[in-house]
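S.K.: Residue numbers 42 to 392, in the working numbering, belong to the letters of the sequence shown in order. No residue lacks a Cβ here, since even glycine has one placed at the ideal position from N, Cα and C. Remember, it's a predicted structure, so these values are computed and weren't measured experimentally.
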Amino acid sequence: MLRFAILAATFVSLTLSARIAVSQTAADRIASARAEIRLRNLDSAMALLRQVADSPSAADPSDRAMAFMWLGIVSFYEGDDSATAKSFRAALALDPAVDADNLARVDSTLAARWREQARAARSDSAFSTSGVVLPKVLRSGPLRYPEVLRQRGIEGRVYVQAIIDTLGDPEPGSIRILASPNHGFDSAVRDWMLSAKFAPGKHDGRVENMVLTVPVDFSLDAPSSSPSAPAAGERTVHDCVRGCKAGERSPRLLELPQMRFDSPGDLGPSGVHGRVVVRAVIDENGRLEPETISPIMSSSSAFERAVRDVLPQLRFRPAQAGSQAVAALIELRFDIRPEGLNWVRYEVSTP
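1. Apart from the five residues just before and just after Pro211, which ones in its own chain have a Cβ nearer than 8 Å to its Cβ?
2. Do you know whose CA, among Gly209, Ser291 and Ala369, lies nearest Ile323's CA?
3. If you reduce the DSSP assignment to three classes, tell me which class Gly242 lands in.
4. State the Cα-Cα distance for the pair Gly309 and Arg378, rounded to the nearest angstrom.
5. For Asp258 and Leu297, I'd like the C-alpha separation in whole angstroms.
6. Starting from Glu77 and walking both ways along the alpha helix (DSSP H), at which residues does that stretch end?
7. Shortest alpha-carbon distance to Leu175 belongs to which of His279, Arg386, Ser128 and Phe344?
8. Between the beta-carbon of Arg154 and the beta-carbon of Phe117, is there less than 8 Å?
9. Could you check which residue in Asp69, Leu373 and Glu249 has the C-alpha nearest to that of Met107?
10. With Ala321 as the anchor, note down where its beta strand (DSSP E) starts and where it stops.
11. Rounded to a whole number of angstroms, what is the C-alpha to C-alpha distance between Val385 and Val348?
12. Any heavy atom of the ligand FMN closer than 7 Å to the beta-carbon of Ser85?
13. Going straight from the alpha carbon of Ala220 to that of Asp84, what length do you get?
14. For Glu77, I'd like the list of residues in its chain whose CB is within less than 6 Å of its CB, leaving aside the five on either flank, ordered along the chain.
15. Which class does Tyr186 belong to by DSSP, given the choice of helix, strand or coil?
16. For Asp232 and Gly225, what's the separation of their Cα atoms in angstroms?
17. Indicate the three-state DSSP secondary structure (helix, strand or coil) for Val248 in the structure shown.
18. So Leu90 is in the alpha helix (DSSP H); what residue range does that whole segment cover?
19. Hey, quick one: how far does the alpha helix (DSSP H) through Leu235 stretch, first residue to last?
20. Check this for me: beta carbons of Gly327 and Pro359, under 8 Å apart or not?
21. Within this structure, are the beta carbons of Arg293 and Ile371 separated by less than 8 Å?
22. What three-state label does DSSP hand Ala273 in the structure shown?
23. Measure the alpha-carbon distance for Asp376 versus Arg180 and round it to whole angstroms.
24. If you draw a straight line from the C-alpha of Val63 to the C-alpha of Glu289, how long is it?
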């Protein structure tokens, strides 16, 4: 009987090794782990997810955040509430905007646990606005203007986010581009952020790790050797993608203009339903900043064109921190259903 148990364990180990070998990318491993979870092969799922979560050099922060979220699900099914909370917080620390929409479909209790951790994360030292002194740039290397974009006359503002540690250094795995007028700028902004040294942030007088969003401007009018890189404290863009922090209020849509299609033939069969998701910054006056628009997903190019046409017409009540209007990054979900030849009914929501 013992010999059979050893052989069975060896077979399981070899099978798991084969699965990991086949799943080369982080996304593949997460997908394989989800399949194992559905089959309740929790040990196999745990091993696959650890391959992603514990490999900062081999997986980007968004993939690692997704792996930690699913590790939390594994721990939940194993009855370990503490490990569930720890994994969920690790996911939120890596990517505050990690897509957890499917948790409610997996288990309503899981979704409630996620919301608890999201609320806790927004109120802890990395996200709180009360008693906080934000990190400030002390020095940095030059910000390189990509020559191909300079020659084409492309300029604009990039929003970059990172965790600034207690020594004033950005954590490399935490750097994320939130919005960019052209992805050709992204590499230069990442390099600039990695070269920067910050005065670390403080909470109630204590130096602590903090999540910081920095706007970085590329202007053709600036000297070629030093494009504009605003100091971190110059203008804060509040992250309201998954909900604003304690004491803040998210932008609110005030009016919904009509959406029209000039080429109804692109829509497909009558009654087709579509979704377009974008992220953008709403400024202190309640206007959407066009250069910050970042598409997240679209069910068709026709729907995406229609949404791009209507975005400049949207008007918002701006986000508020206390009684002050502030700029905020938000996510807008457009659910669209054609009605008639070239008019549509649509709704806009935020997470």
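M.R.: Once the coordinates are examined:
1. Ala203, Ile204, Ile205, Met234, Leu235, Ala237 and Phe239
2. Ala369
3. coil
4. A caution first: Gly309 carries a pLDDT of 47, below 50, which makes its placement in the model too unreliable to give a value.
5. 30 Å
6. Ala67 to Arg79
7. His279
8. yes
9. Asp69
10. Gly315 to Ile323
11. 11 Å
12. This structure lacks the ligand FMN; in fact it carries no ligand of any kind.
13. 38 Å
14. Ser85 and Ala86
15. coil
16. 13 Å
17. strand
18. Leu83 to Ala94
19. Asp227 to Ser236
20. yes
21. no
22. A caution first: Ala273 carries a pLDDT of 42, below 50, which makes its placement in the model unreliable, though a value can still be read off. In the structure shown, Ala273 sits in coil (DSSP, three-state: anything other than H, G, I, E or B).
23. 45 Å
24. Only weak support exists for where Val63 lies, its pLDDT of 43 falling under 50; the coordinates are left without a value.
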